[in-house]
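Throughout the sequence shown, residue numbering follows this note's numbering, covering 331 to 599 in sequence.
In what follows, a single structure is set out as structure tokens and then discussed.
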Amino acid sequence: MKVGIAHDHGTRLKVLRLCTSFMPPAKTLEEGNGRCDPIGGMQNHTFELTKALDRLRVEQTVVTTRLPYTAARQKIGSRSEIIRLGIPINRLRQLYSVPAAGVLTTIGPVSLVHAHLGEDLALLPLAVLAARVHRTPLVITIHVSLRHTLESRDLRTGLLTSLGGRLERWACEEADGIIVLTERLAELKRRDGLASDAIHVVPPGVDVELFQGMHRDPFPDLGGPLIVFAGRLVPEKGVDTLVRAAALLKTAGASLLLVGDGPERRHLE
Numbered sequence: 331m332k333v334g335i336a337h338d339h340g341t342r343l344k345v346l347r348l349c350t351s352f353m354p355p356a357k358t359l360e361e362g363n364g365r366c367d368p369i370g371g372m373q374n375h376t377f378e379l380t381k382a383l384d385r386l387r388v389e390q391t392v393v394t395t396r397l398p399y400t401a402a403r404q405k406i407g408s409r410s411e412i413i414r415l416g417i418p419i420n421r422l423r424q425l426y427s428v429p430a431a432g433v434l435t436t437i438g439p440v441s442l443v444h445a446h447l448g449e450d451l452a453l454l455p456l457a458v459l460a461a462r463v464h465r466t467p468l469v470i471t472i473h474v475s476l477r478h479t480l481e482s483r484d485l486r487t488g489l490l491t492s493l494g495g496r497l498e499r500w501a502c503e504e505a506d507g508i509i510v511l512t513e514r515l516a517e518l519k520r521r522d523g524l525a526s527d528a529i530h531v532v533p534p535g536v537d538v539e540l541f542q543g544m545h546r547d548p549f550p551d552l553g554g555p556l557i558v559f560a561g562r563l564v565p566e567k568g569v570d571t572l573v574r575a576a577a578l579l580k581t582a583g584a585s586l587l588l589v590g591d592g593p594e595r596r597h598l599e
């Protein structure tokens, strides 16, 4: 059953957001001594989206996992709150789903449930449960498609692609709206049988104000055509393919610049 949002000028929109990757406080990164997750696109996306909607007077409750050195609750802006659940350790984070099942169903009233899919098996069942309990629309933003994007490399990723792929297809059929980051994934979702009008392509945004006043070339010594990768240096990014491809370039003076850090750095070097 599809449920619409009853919303007028006298009613504030209240969003229940579920995501397992959210930007930790700066203090957490400083005290973690590198033991916490590196910051990537999903952490930045969910954090910046929450801040932007808060400025638009949207009330939000964000339910996420609890990293080491983080508070269980944190205020964002003037009307948004982060609730971190589970044991604050780097392993066994799926245990957050036990308290989350209770929290998600008791928070309310809610106008919309918005789930952000990464590498998490528990997120989609929790999101569908919350939408059913609150009788609200469900929107899923797919940052990592367990069905179409993630590669099976070991026992963990094998479980994510097999079981997670089936959960993703089921949850997408239950959802009222699907947000994907690329046209490629939108086409794959249409091939899965999802209606085209339910799929929305919204590429990751960039805060252009961060770069105002920067008119000089930040890499003047490189010269020539420049290819830049900016992101986490992890296997799923496929940066090793980019490095091998760069070696085949015929363009004179072309340079490849990798901006980032992660477990693949030494291998890439």
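Beta carbons: idealized from backbone N, C-alpha and C, even for Gly.
As the structure is a computational prediction, the values presented were derived from the model and not from experiment.
Residue i, DSSP secondary structure in three states
| i | result |
| --- | --- |
| H339 | Reliability fails at H339, whose pLDDT of 43 lies under 50, so the model's placement of it is uncertain and the value that follows must be treated cautiously. Three-state result, H339: coil. |
| A461 | helix |
| F559 | strand |
| T491 | helix |
| S408 | coil |
| H597 | helix |
| K344 | strand |
| S585 | strand |
| H444 | strand |
Cβ shell of residue i (< 6 Å), same chain only, five flanking positions each side left out
| i | result |
| --- | --- |
| S410 | T380, D384, Q390 |
| T471 | H446, I509 |
| G395 | As written in the sequence, residue 395 is Thr, which differs from the Gly given in the question. Contacts found: T350, G416, R423, Y426. |
| R552 | Note on residue identity: the sequence assigns Leu, not Arg, to residue 552. For L552, where only same-chain residues beyond five positions count, the Cβ hits under 6 Å are S585. |
Cα-Cα separation between residue i and residue j, rounded to whole angstroms
| i | j | result |
| --- | --- | --- |
| H478 | H375 | 21 Å |
| D450 | F541 | 33 Å |
| R342 | G554 | 52 Å |
| I557 | K567 | 16 Å |
| K344 | V388 | 6 Å |
| T571 | R462 | 43 Å |
| G370 | I413 | 20 Å |
| G592 | D506 | 36 Å |
Where residue i falls, given that 16 or more other Cβ within 10 Å makes a residue buried
| i | result |
| --- | --- |
| V458 | buried |
| I417 | exposed |
| M353 | buried |
| E599 | exposed |
Residues of its chain near residue i, where Cβ-Cβ distance is below 8 Å and the 5 sequence neighbours each way are ignored
| i | result |
| --- | --- |
| S526 | R520 |
| P533 | L511, T512 |
| L524 | C502, E503, I508 |
Close Cβ partners of residue i (< 7 Å) along its chain, the five nearest in sequence each way excluded
| i | result |
| --- | --- |
| T487 | L480, E481 |
| P439 | K344 |
- Item | Given 8 Å, three or more beta-carbon pairs between the region 430-443 and the region 475-494 | no
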